[in-house]
Structure formats: structure tokens, C-alpha cells
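K.L.:
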């Protein structure tokens, strides 16, 4: 078994490299991805090894990055589009929603939109405005798209490859605050299917679900909760759309209590969807209503304030206390 | 304007005229073929308007006045070329072999597409303005990487030429030297917005600003459109990069059947353009130069009428699809929400059953 | 030739009406397809309407200046039946028909917004939806027994209940994880919490019960020509003098047969729900060690029938000229043993729920096989079940064990064609037959009892939960 320790950024880089090696029709396209290797170095060294035709430095136009990727997809190419930051995906939103999401259907299945749109998302890097967004719900709400997020280097390595191979268009959300975190990567055995949720920590009292950067915070909260005598079961959604509800149901039937953690504001969020779905499926097991721990309903604040905006260990434990307190 | 500024080979009166850069290469047979194409597509278009007025189509976008622009470009395409249309390229679809009834499925509201794009090498309609222009450039980038000798032609109007997607496409096509021909039908109106608001300079000049050739052609002159398109496509095919063709024409009808042009333009302007009718001038040429008899023209009219009747029958027979088909092809791979939706529809007894 | 009415279509401008500006045809005119018919004015735009038909104009439904409503008749034609005529737009809208604009208010870019006013009736109903099982107890609350102590290990799952019940339990200091639920699929109900609160100490019976106490109907039933008290309220043993009509019937029966004139009734029924219930119960972790079988359900059914019709649980005492009605069932089970047929019984079987009944049946069969049945278990049978199904037999006309009034035979449960909603489907069918002592039990009573058993087997879950 080949296991090495690497950062998430390196794991993505390696995964992209494997994908480029495996299929000649895989391309990478984005701003500064070639010579510079990407502003986060995710594509470092790839243009040198695979050439400018396959790792394309794009002119500064997000709509065109996605729009041309659509045309390439019609031609059978699998383009991995890089949107430099979450806050800059919006010019491409039209192409994503109007064409990427709908062309397979509009062409009665003739066109395959086998492209991946990589978006570094969520906050926690002390950046300036538009660099810390959580836009995943816009895409999850759009039929025709799939949305996934990795929280570990191992998942990053495998999920990017699986996404490239998948025939549906995938919005690939990368927690940029975790790019430099190290973890074990098994380069031979995929940990799970692309759309499987994962149990990160077993427990008995409360089911806590998150994705992307939130996992690390949730696991720290679980350590503290354990000391306080409460056992949290932590699930990583991994796939935001479609949601892998089965393991979540199993967990909730065991614990009867649900907390969802997300950086996005709770209004019309992934957390809202999870609470609605799981309430319907686990109604008789619920000892308390599902509770969301979210960012506040304001534009993402100047990052000097972001640690009070993003869900903290305290706020997660506060939610845990609330659901524990409903008990009969 | 005629000459450098507007390529024309046939006057509105049907007389040939010389041009410094282009000459007509078509035979009499071929010109008659273009005449037939234009008559048929105009007849089918008018029938479609009638069908809408009779409640059989939700909407119709007519091409009245733009027949030469579309047939001229459409017949210049090689079989392996790929086209990316808007929602109004009925003449191009006709040239690519798309069955007329398939062109109407979008407007019948029984499909958002209507035909197999790979089979006809003509993409499904795009309603969001300008999106397809970027897609076409991407497709052309794929052609380059495949090393194929194919050209891509994409269509848009004067209104869409203001869209960011179109301008971004110009940037990319130029920077990457993609084999794409941008065919802009400047029909003078974006619904009620006159051309003067879309651009302060002639549209075809924009190409120079982006670094590739642009040419303006009399969009009502099928001979000129044909030659200009042919050269641009040939150039693209052999690595000559993009060209912008501005087909200067006029939208004789309304933007769609929901539009009322009398609200924003004057009849006199329409009258002027009626005298520049694309079909009449070709007919004059065929009579004068090729001595085509009235009977031949009648044959074409009869053929057009018969096809219109057939189109009517085909449209009336277009039934509401089984609602369960809404789930087909939403995703390429199985998806739990699709399964859930299908199940619910079957349980509700709405659908005809398994599909 | 047929008459076609052309309704004013929406022409896509958000209109609900249009004014007739100019008629271009007159009544009696012959028109061709697409010939201009009329100019209408819609919110300051004038639109020409082309003819959808080839034929003759029969009627114009408005004059110049009239404001016509969209989707209402504009012109009537006499159509020559050519292929070009579109299907009539007057017929009631049919799914998939080409009258595409029906019921819609026109908007700018399409057929228009669907008119949803007045759509009150339900168009579709979920297929295969089962009727919700009645979970409310029909009888008045019985004297509450002690709260059941869950004998098995603490469940790995969260206790299943609803938020209002949890709140109620919390407010009253009851820990619901200690309760066993009597609701559907073991749901802990408000009644369960209430019972826990009233906390009557358990009876001396050593049997661990995990289901609600069983009661029968409270209304009197009819037997031997009179009303007799209900199961719950009447004496456990009631003696009725053999007089009058009763005497006449019994003597007549004796005259026409041996000392126990046998008659029988039988019925073939759809036992699919019994089969399904057993299958689903077998999935329950808590019932894993209980060997459920159809016999358990039949036993419950027969006891339930006895509670409704106490007269079936009777015997004819010729020596004292009395008919003895008993309100306690000692359920005999015809058991085929190596030593031959014996009929041991389960005492007080009418008080047992599904689990206890099954356990008792299993014990009885085990003992019979081993030859360890006690003498006490051999006497006092009041009702009997003989199960001929395992022998692959459909039915039987059994002999009454002496001193009993009725015996129920049940055959094999097997898949058979069955008619459901006028369609032939595959169901699990079974035949049951009951022989009875016609001295005191008449065909009407026997039929009612058998019918009751049949209903129970046809939908056991409903009967078990809401007796």
C-alpha cells in the first residue's frame, strides 16, 4: 500500500497529474494555471510536463473559461476549469446554469458535459473581499449539476480524479483554508465513491454533519465534547449534491439529534436541505429538531472579523447543548 | 457603402455588380437551388407564424427578410463543419438537413432542443444571448487539438453583439487563433433597440479591434453572402483563424409573434427594405440571365406549399410528451433525486408508466 | 362535413380579450387554409388571424367593435373533412390533445400562465397507498396494567416516538426509553406514557406481556334465541335452560343426527396480509426468537371471534338440559403426534397477545411431540383449531372434540389467482372451515363467526391493533 503524507494542495496536484496522464482529452484551463502553476500552486509543474495545449493559461474571462469548456466538452474533451476564487465565479454563472447544467438534457443525452469546475471556497485565510465565499447552494439548487467538496488530502487526491472521469458536470469545492494541511494519502485505493458521505468519528449522542473546511472545526469540537461527556458522531457529507442520506439516516436513528455546520448563511442553505430531508426520514427517532450552525446573514465581513463569522468550536458546542437539552 | 464597406454582387433589382475582393462562383443551377431554398424556408416560416396565430405554437421567431443571409451562409458550409445557432437560424438548420418539424419542437414547447446535434452537426438552439458564441470557440479549440480540418460557424444578432460572452469569444478566438467564423446578422433591431444603440461603429469594425479580419456583406444578396462565407470558412479550415462576417440585413417581421414592431419603427423604413427583398432579386436574375420559365418558379411554389402543409400536419400531430420524460437525460449517471421524482410521478398515477 | 368552432386564441400579448376591428369574411364565404379572417386589436396592436380550416363560414360570433374573450368562440366553420383541419378546439381538453392553450392566460412569450382557479378536485391519487391503519383504540380505556419492563437488552436505536409525546413525557418526568411502544411499528404513544404514569402494579401472572390488554366488544350478543351478556361483562360460566325454541331445535337436531349433529361452513379467503404481516414481523429484531407462524394469527382470530360471539364458545349439556356459554377460551390445537392425534389446549388463550400466543403454541406443540403434555392440558377445551395446511390439504370437515361447540380447520396457504379491482392478481389464498354443534349453534352464528375469522385473516394488523 502506497501511503504518503502530503498537503491537500499537493494531493490535488498529484490527482490532476494522474488524470492528465490517464486520458489525453483531459485539459486544465484557468487564469494563471500554466506558467505560474496557479495562485495556490495547485497546478504547479503541469504545464511544463503536459504542454500549453493541455494546461491552458486563459485570458481573464470566467464566462469564457466555462463557455469554451462547454464547446470542448461537445468535442469530447474533459476540461478542468479553475475559477481562481469563489467570489469570481459569478460571471460564469450564466454559462454554468444555462448551458453546463442543461445541455445534456437539451440535446436529449447526445452532448456529455464531462467538465469539472474547481472553486477554492470558504474563508479563513484572512483575505480581502470576494475571496471567502460559500456559493455551493446556488449550484446545488441547479438541476443538472453535481457538487462535491473534499475535506482531507486523501479525499482531494481521489475525488478530483473521480470527478474528471464522471460524465456529469461537477462543481468541485476546495476548502482553501485547508490547502496547506497535511494528511495521509493512499495513492492506490480510493476511500469511497465520489458521492458517498463518510463517518469521520463515531459517537452516540449527536450527529454532526459538515463539509469542506468545517470538518476540522467539528472534530475539534468533538474532542472537547468528549471531555464534557457528550459523544458526537461526525459525518463528512463529501457530496453536497446529491446528498448521501443513507449513512446520515443510520446515524440519526442512533443518536436522535442533528447539528449541521456550514460557513454559508443558513437561509436556503445546504443545512436547510439536510434538516428538511432528515427530519422527514427520521421523524420518529428525533429527540430534538435539527439545528444549523451557520455564517450570519450578512455579506462576508472584513476578515479581521471572520473568526466571529465562521462557525467556531464554541458555537458548535452551543448547538450540541441545545439539542441535548430537548430531551425527554 | 457598397464596395469595400459592403460586399455586394447582386443589386436589389437583380443585376450583377462587380466587387474588388469577391466574385460569384455559382452556376445557374446552383443559383436556382438557392432560390428554391429561400422560397421554401420563407414559406415554412410563414406557415409557422400562422400556426402560432392559431394557437398551435407557443411562439415563433420569424426570419422574414433574412433568408439570403442564412441560405447563403448555410450552403457555404462543408459537411464536416459544425454550427452553433441561436433560436432563429431556421435557414441554417434547413441547409444542415434538420427536418422542419424538428425545428418547431422548441416553439411547440414539447422540447427545449428538437434534433440530434451530432447527426446534423448543428447544435441545439440557444436562447440566452451570446452563450453559444463562447461554446463555439471552445468547440473550435477542440478542433485544433484534434488536428481536424473543420470550421465552426456561430450565429448571433446585432443585439447579442453587445453581450460580454460575444466579446470574450472574440478575445479567445483571436488569442488562440481558433477556426471559427462569427456570423452576425445585423437585422437593425434588437426587439425595439435600434442598431445605433448597440454600436457607435459598424459592427464588422470590431474585429479589427480584437485582432482579426471583419467583413460586411449585403445580407440580402445570397450570392455575396455565399462567397464571403465560403472564403471565411476555408480560411478557418486551414488555420487562418477567425473572421467576423456582418450580414447587413433587415428584420421585416417582428422579433417574435409576441412583438409589435409598429410600436417602435415606422412603416416607411419597412417599405424601403421590402424593395431590397432577397428572393425577388434572385428571381429577376434567373429570369433575365438564365431565362428560367414561369413554370419552374411555379413548381418551386407548389413544392413549398406542399412542404408547408406537411409541416402543419406534423406539428398538429406533436402530442404532449409523457411527463415522465422530463426526468430523461437530466443527468448522464443515475441520481437519487431523479429516481425519487420518477417514483413519485408513477405513484401519483400521472405518468403512463415505466420509461 | 363537420362543424368546427374556432376559439379566439391568445396571440401572446398577455391578453384576456381582443376587440374585433375588421371582418375579412362573411357568413357563407368559402375560405382556404390560412386565409385572413379578421383583424383583432389587442392592447394597441392589431393582429390578423389566418384561417385554421378550409371550409365555409357558418357563424361569426361577434360584430365589429365587440370585445371577445380569449378561448371563447370566434367563428364557426363547416369543414369538408380535409386532412389539413386541425382537431376541434371545442372538445373537452384531452391529455395530449393539441388544444394547447386551454385554461391559460396569455403572456408575452408563451402559451400563457395556467389558470389554476377552481381546480379543486384531486386529479391523481398515489397508487398502492395503503389505508392508514386505525391506531386509536375503539373501546374505552381498559384498567391499566403495570408498565411493561423491557426484558431485552437496551436498544441500540433511539426510542421511537413523536415530538409532542416526548414533550409530554418530559413534562411528566417519564423516561420514554424505558417504555415499550404499542403504536405502529413499536412507536411509543401518548397512551403508553399515560399508562406509565398511572402505574398500576403488575398482576401476579408471571407471563411477561409486551402488548396491550385485550378486550372484546361491550354490546350483548345473540345466542339461543336471546341476548346474552358481552364477553367482558358476562359471567365466565353462564347456564341457560333449554326451553322453548331452543329445546325444539336441539331435540329436532338430535332426532336428525347423532348426539352431536355436525354442520359446517367454509370460506376461501385472501390471506396475503397475514403472510405479509408475518414476514414483516419476522424482520423485527425484538421478535427474532419468536417462531411466528400463520397458526398464531388464526388462534388470535378465533379467540377474537369468540369475544364477539360468545355463543360459539359453548357446549350442549344434555344431562342438565343446559347450554353452557363460557367466556374464557381454552384453545385446543389438534396435534398430530407419533402416538396419534391428541388435542391439548392453551388455557385462557383469549387473554394472550400475539407473542404470548405464539410462545404458548410452540410450547404446546413441543410437548405434544415429546409426549410430555400434562393431563390438565388435555381437558377443558372449549374451541379447537385443526391445521391441515402442513399436509397440503385445502380444507377439512372436522369432528368436534366432545363437549365443544365448534372446531376450525385451516388449510394450506398458497398462491392463487384472485380478483382485485376487476383484475386477476396473484394472492396468498387459504380455505378455512368450521364444524359446529347444531344443537345450540345455528348456521347463521357459525357463518358470522367464520366471517369474523376470515376478516381477521384478511387484515390481521388492523384487528390486532384495534380490536
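Residue numbers (our numbering), protein chains in the order written: chain A, 1 to 328; chain B, 1001 to 1355; chain C, 2001 to 2467.
Where a beta carbon is used, it is the ideal one built from N, C-alpha and C, also for glycine.
What is the C-beta distance between residue 1242 of chain B and residue 1182 of chain B, in whole angstroms, given that I count them as a contact (C-beta under 8 Å)?
P.N.:
Yes, residue 1242 of chain B and residue 1182 of chain B are in contact; Cβ-Cβ is about 6 Å, under 8 Å.
K.L.:
Buried or exposed for residue 2128 of chain C, going by 16 or more other Cβ atoms inside 10 Å?
P.N.:
A caution first: residue 2128 of chain C carries a pLDDT of 47, below 50, which makes its placement in the model too unreliable to give a value.
K.L.:
Identify whether residue 326 of chain A lies in helix, strand or coil by the three-state DSSP scheme.
P.N.:
DSSP places residue 326 of chain A in coil when its eight states are reduced to three.
K.L.:
Determine the burial state of residue 1078 of chain B: buried for a count of at least 16 other Cβ atoms within 10 Å of its Cβ, exposed for fewer.
P.N.:
Exposed: under 16 other Cβ atoms inside 10 Å.
K.L.:
Find the nearest neighbour of residue 251 of chain A within the set C/2389, C/2319 and C/2158, judged by alpha-carbon distance.
P.N.:
Out of C/2389, C/2319 and C/2158, C/2158 has the C-alpha closest to the C-alpha of residue 251 of chain A.
K.L.:
For residue 1197 of chain B, count the other beta carbons within 10 Å of its own beta carbon; 16 or more makes it buried, fewer makes it exposed. Which is it?
P.N.:
It counts as exposed.
K.L.:
Under 8 Å by Cβ, that's how I've got residue 1180 of chain B and residue 1136 of chain B pegged, so tell me the actual separation to the nearest angstrom.
P.N.:
At roughly 6 Å, the Cβ-Cβ gap stays under 8 Å, so residue 1180 of chain B and residue 1136 of chain B are in contact.
K.L.:
When you compare only the Cα positions, how much space is there between residue 145 of chain A and residue 1202 of chain B?
P.N.:
Between residue 145 of chain A and residue 1202 of chain B, the C-alpha separation is close to 40 Å.
K.L.:
Please confirm whether residue 141 of chain A and residue 177 of chain A have their CB atoms less than 8 Å apart.
P.N.:
Result no, Cβ atoms of residue 141 of chain A and residue 177 of chain A do not sit closer than 8 Å.
K.L.:
Please report the straight-line C-alpha distance between residue 1358 of chain B and residue 1316 of chain B, rounded to a whole angstrom.
P.N.:
This structure does not reach residue 1358 of chain B, given that chain B is present from 1001 up to 1355, and the question cannot be answered.
K.L.:
Name the DSSP bridge partner or partners of residue 1248 of chain B?
P.N.:
According to DSSP, which records beta bridges pairwise, residue 1248 of chain B is partnered with B/1186 and B/1218.
K.L.:
Would you call residue 1021 of chain B buried or exposed, if buried means 16 or more other Cβ atoms sit within 10 Å of its Cβ?
P.N.:
Per the 10 Å Cβ criterion, exposed.
K.L.:
Thinking C-beta only, is residue 80 of chain A closer than 8 Å to residue 39 of chain A?
P.N.:
No, these two residues do not count as a Cβ contact at 8 Å.
K.L.:
Pick from C/2407, C/2214 and C/2179: whose alpha carbon is nearest that of residue 2331 of chain C?
P.N.:
Comparing Cα positions, the closest option is C/2407.
K.L.:
Chain B partners of residue 144 of chain A, CB-CB under 9 Å?
P.N.:
By Cβ distance, chain B contributes 1330 and 1331.
K.L.:
How would you write the range of the beta strand (DSSP E) that residue 6 of chain A sits in, first residue to last?
P.N.:
Residue 6 of chain A -> beta strand (DSSP E) spans 3 to 7.
K.L.:
Taking contact to mean at least 3 C-beta pairs separated by less than 8 Å, is the region 1034 to 1054 of chain B in contact with the region 1301 to 1319 of chain B?
P.N.:
The region 1034 to 1054 of chain B is in contact with the region 1301 to 1319 of chain B.
K.L.:
Taking DSSP's pairing of strands, which residues face residue 2377 of chain C in a bridge?
P.N.:
According to DSSP, residue 2377 of chain C bridges with nothing at all.
K.L.:
Along the chain, where does the alpha helix (DSSP H) containing residue 1117 of chain B start, and where does it finish?
P.N.:
Unbroken alpha helix (DSSP H) run through residue 1117 of chain B: 1117 to 1120.
K.L.:
DSSP three-state call for residue 1178 of chain B: helix, strand or coil?
P.N.:
Reduced to three states, the DSSP call for residue 1178 of chain B is coil.
K.L.:
Kindly indicate which residue of C/2437, C/2333, C/2236 and C/2080 has the alpha-carbon position closest to the one of residue 1991 of chain C.
P.N.:
The requested residue 1991 of chain C does not occur in the structure, where chain C is confined to residues 2001 to 2467.
K.L.:
Residues of the region 1040 to 1056 of chain B with a CB closer than 9 Å to any CB of chain C: list them in chain order, please.
P.N.:
Under the 9 Å Cβ criterion, the region 1040 to 1056 of chain B contributes 1046, 1047, 1049, 1050, 1051, 1052, 1053, 1054, 1055 and 1056.
K.L.:
Evaluate residue 2219 of chain C with the Cβ neighbour count: other Cβ atoms within 10 Å of its Cβ, from every protein chain shown; 16 or more gives buried, anything less gives exposed.
P.N.:
That one is exposed.
K.L.:
Evaluate residue 2415 of chain C with the Cβ neighbour count: other Cβ atoms within 10 Å of its Cβ, from every protein chain shown; 16 or more gives buried, anything less gives exposed.
P.N.:
Exposed: under 16 other Cβ atoms inside 10 Å.
K.L.:
Between residue 194 of chain A and residue 1208 of chain B, what straight-line distance do the alpha-carbon atoms span, to the nearest angstrom?
P.N.:
One C-alpha to the other measures close to 47 Å.
K.L.:
For residue 199 of chain A, which residues from the same chain have a beta carbon less than 6 Å from its beta carbon, with the 5 sequence-adjacent residues on both sides left out?
P.N.:
Excluding sequence neighbours, residue 199 of chain A sits near 235.
K.L.:
Give the DSSP-derived three-state secondary structure of residue 46 of chain A in the structure shown.
P.N.:
In this structure, residue 46 of chain A counts as helix in the three-state DSSP scheme.
K.L.:
How about residue 1151 of chain B and residue 1244 of chain B: do their beta carbons lie closer than 8 Å?
P.N.:
Their beta carbons are not under 8 Å apart, which means residue 1151 of chain B does not touch residue 1244 of chain B by this criterion.
K.L.:
Quick one: what's got a C-beta closer than 6 Å to residue 2387 of chain C's C-beta in the same chain, skipping five residues either side?
P.N.:
Cβ neighbours of residue 2387 of chain C beyond the five flanking positions: 2295 and 2410.
K.L.:
Of all Cβ atoms in chain A, is any one closer than 8 Å to the Cβ of residue 1159 of chain B?
P.N.:
Judged by the 8 Å Cβ criterion, residue 1159 of chain B is not in contact with chain A.
K.L.:
The alpha helix (DSSP H) with residue 1132 of chain B in it runs from where to where?
P.N.:
Note, residue 1132 of chain B: alpha helix (DSSP H), 1131 to 1146.
K.L.:
Would you please verify whether the beta carbon of residue 1011 of chain B is less than 8 Å from any beta carbon of chain C?
P.N.:
It does not: the Cβ of residue 1011 of chain B has no partner Cβ on chain C nearer than 8 Å.
K.L.:
Can you pull the chain A neighbours of residue 2162 of chain C, defined as C-beta to C-beta under 9 Å?
P.N.:
The contacting residues are 283, 284 and 286.
K.L.:
Establish whether the CB of residue 162 of chain A and some CB of chain B are separated by less than 8 Å.
P.N.:
Not one chain B Cβ lies under 8 Å of residue 162 of chain A.
K.L.:
With a cut-off of 8 Å, do at least 3 Cβ pairs link the region 2310 to 2320 of chain C to the region 2216 to 2231 of chain C?
P.N.:
Because the criterion of three Cβ pairs below 8 Å is met, the region 2310 to 2320 of chain C and the region 2216 to 2231 of chain C touch.
K.L.:
What distance in whole Å lies between the Cβ atoms of residue 2397 of chain C and residue 2305 of chain C, which are believed to be in contact at a cut-off of 8 Å?
P.N.:
That belief does not hold up - the Cβ atoms of residue 2305 of chain C and residue 2397 of chain C are roughly 19 Å apart, past 8 Å.
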